[in-house]
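So the structure is just underneath, and the comments pick up after that.
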Amino acid sequence: MKKLSLFLIFIFLLAACGTPVTEPSATNVPVALPDTPVPLSTSPALPGENGLWVSPAVPDTLRETAKTFGLPMVETRDSASQILDVADSGSLWIYALVAPFPTVMDGITSAELTSAWQGASTLTSNGQPLLMTESTLGALTAIWGEPASGAVRSVPSEQILNEAWTQPLSPAIIPFEDIQPKWKVLTVDGQSPIHKDFDASSYPLKVTFGLSNSTFTLSASNRDESKLATVVMTGVTAMVRATAFTMETKGVMRPGELIHDWLHNADVTHISNEVPFDPDCPFPEPGHKNFILCSDPKYLELLQYVGVDVIELTGDHFADRGTQAMLDTLQMYRDNNTPYYGGGANEEEARKPVLMEVNGNKIAFMGCNGKFSYDFVKATDFKPGAADCDYEFFTKQIQDVVAQGYMVIFTFQHEECYHYGPCYKHEEGFHVVADAGATVVSGSQAHYPHLMEFRGDSFIHFGLGNLFFDQMTYELPDGSVIDETRREFIDRHVFYDGKYLGVELLTAMLEDFSRPRPMNERERTQFLSEYFAYSGWVELQPTPIPQPTVTLTPIILPTP
């Protein structure tokens, strides 16, 4: 991920220079962080005493582990036969630099982190200190030395999230195990502990804790990569009209070329393909306003190229070419071992969830079509189509699946509108499935991206926008033309050890009527700033020109 200069502004309303969440390699800025931990105390343990002393720097999870050793806890280091403290070897504890979710900034350099710790600069233009618990402060002080006065503020663990969300928004450092959906995890030198390619060796936010003798065993780390799973959710795909014409003339894979790695590298990639495949589909006409839609069967290669793992079939246009085309399309998915949901050969199949276990995380997909005037596209006992939004049925199904340990991702095809939403009856339906226990609720119907919401333990995104569809512009009923249909969210959801950690908002701009490209910094900053304001989390402010601050090392500005 691109590095940001030292005048990074912490939140969107403070002129953030948020980098696009692409993940190219970057050259790390050298920083003066010591490699060898400095013990909090060098007082030796007295021989013969049978007790355990745990340093105040030890995080809560590791402290709880120590209680299982069966040794009595002692209050002083000198009276202990076993000591758990910052050490040269032992259990590697990963920490995360986080900020409230509606933060535009995506990451910083380790030089900027060092500067903030030493009080030479801050990570926000308002001078907000880094928040952390007493134990985190103790652990980082052991390896970095004392922070500058006012650079850090200690907050109890149960209060840190609320404190960070209090205006003005504040950054924090927390243990990896405390990451949750209302945090945004920021990269340091391009490294993030919620990324699959995380490299702890080049990451500064880590501390090793060890025991003074080897009587007991600690876990290797608080982060086990084998327990991490990523699911990428996308918006509207309809490989028709100008998109299909571009595929015919410039290559079937062209739409996915610029975002290939975002999709292909996920453990699970979701595609909502709204139209059927039909070998008799006519050759596409780019300017044709055709609403009877179909795709050439060879276009399935594009979905395979980007690594599709699950297909959503809630779309209105799945029925456009009739019963046989729907059945043939379902057979194509089965032949390619690609599970589908939200539609099927009949009502029973259309309602079935897709159940997956991904790196130990149990994830379920289910969805429905909630449009009120589109009954003709919905499956019945004897006809294929999309699943109808029978909320009584899906509430029970969600509760049953959650009881089996699954985290539910529920998606909608719903009423459409060309503003930031939500539209018409969206809130009612999205809230029903969230209240039933869905972890993620996502709108697949929106051609114009919609806002987001946290509701209880659920994350709701009312509409992601298009993925592969030809809407470079849209003419409104009053004759005005908008191009917000070019802007796209691609949501990367992160799960770990049976827990939902949250979502990374990847952002793209449609080009050539067919292919999304990652947004540049200016586009991404504006897009996120608007949608965090639309979502009611912050106020929308004009983007000021960023001003330089203290420079410790030469910084190379990223090219927009």
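Heads up: the sequence shown begins at 2 in this note's numbering, then just goes up one per residue. Ideal Cβ positions, reconstructed from N, Cα and C, are used throughout, including at glycine.
Quick check: the Cα distance between residue i and residue j, rounded to an integer number of angstroms?
i    : j    : result
G139 : A58  : 4 Å
A67  : V55  : 8 Å
D391 : V442 : 16 Å
Q398 : Y407 : 11 Å
E358 : M106 : 33 Å
D297 : D329 : 12 Å
M248 : M254 : 7 Å
V153 : P101 : 17 Å
D190 : A112 : 9 Å
G71  : E226 : 29 Å
Y535 : H420 : 11 Å
K384 : E522 : 48 Å
A509 : M473 : 13 Å
D389 : S150 : 60 Å
F366 : S82  : 52 Å
Q129 : P172 : 8 Å
E65  : G537 : 38 Å
F395 : G316 : 18 Å
V30  : T115 : Any answer about V30 is weak, because its pLDDT of 34 lies below 50 and its placement is not dependable; what the coordinates show is given next. Approximately 11 Å, taken between the alpha carbons.
L356 : D336 : 19 Å
I364 : N266 : 18 Å
D321 : G499 : 39 Å
T69  : T218 : 11 Å
E393 : V434 : 10 Å
C424 : Q325 : 33 Å
D471 : V156 : 49 Å
With distances taken between CB atoms, is the gap from residue i to residue j smaller than 7 Å?
i    : j    : result
L294 : H318 : yes
P450 : G430 : no
F460 : T244 : no
G361 : V307 : no
F278 : M333 : yes
I95  : L132 : no
G252 : G91  : no
V241 : V276 : yes
P194 : S136 : no
T566 : I312 : The structure shown does not extend to residue 566, since the chain is modelled only from 2 to 561, so the question has no answer here.
V208 : A97  : no
A117 : T110 : no
F514 : R488 : no
L301 : Y341 : no
F180 : L502 : In the sequence under discussion, the amino acid at residue 180 is Ile, which differs from the Phe named in the question. Yes, the Cβ-Cβ distance between I180 and L502 is below 7 Å.
Q400 : G345 : no
P103 : F455 : no
T62  : E159 : no
L511 : P519 : no
So, is residue i buried or exposed, given that buried needs 16 or more other C-beta atoms within 10 angstroms?
i    : result
N223 : buried
D458 : exposed
T216 : exposed
S42  : The predicted position of S42 is uncertain, since its pLDDT is 36 and thus under 50; no value can be drawn from it.
V22  : At V22, the pLDDT of 40 sits below 50, so the modelled position is not reliable; the number obtained from the coordinates is stated separately. When all chains shown are included, V22 counts as buried.
E563 : Summary: the structure shown does not reach residue 563, with the chain confined to residues 2 through 561, and so no result is reported for it.
S126 : buried
G323 : exposed
P45  : Summary for P45: the model assigns pLDDT 40, below 50, so the residue's position carries little reliability, and this model does not support an answer.
T486 : buried
S220 : exposed
A404 : exposed
M74  : exposed
D484 : exposed
D79  : exposed
D281 : exposed
P354 : buried
E349 : exposed
S203 : exposed
F246 : buried
E505 : buried
N274 : buried
Going along the chain, which unbroken runs of the beta strand (DSSP E) with 3 or more residues stay wholly within the stretch 229 to 268? 229 to 234
Just checking, does the stretch 358 to 377 make contact with the stretch 409 to 420 on the three C-beta pairs under 8 Å criterion? yes
Ranges of the beta strand (DSSP E) found wholly within the stretch 168 to 220, counting only runs of at least 3: 173 to 176, 184 to 189, 207 to 212
Quick check: the stretch 493 to 504 against the stretch 474 to 481, are there 3 or more CB pairs under 8 Å? no
Length at least 3, wholly inside the stretch 107 to 167: the beta strand (DSSP E) runs in chain order: 131 to 133, 153 to 155
Does the stretch 193 to 200 come close enough to the stretch 85 to 93 that 3 or more CB-CB pairs lie under 8 Å? no
Inspect the CB distances between the stretch 229 to 242 and the stretch 165 to 174 and report whether three or more fall short of 8 Å. no
Length at least 4, wholly inside the stretch 415 to 494: the alpha helix (DSSP H) runs in chain order: 427 to 437
Decide if the stretch 377 to 385 is in contact with the stretch 283 to 291; the criterion is three or more beta carbon pairs, one per stretch, under 8 Å apart. no
Which complete beta strand (DSSP E) runs does the stretch 311 to 376 hold, if anything under 3 residues is left out? 311 to 313, 355 to 359, 362 to 370
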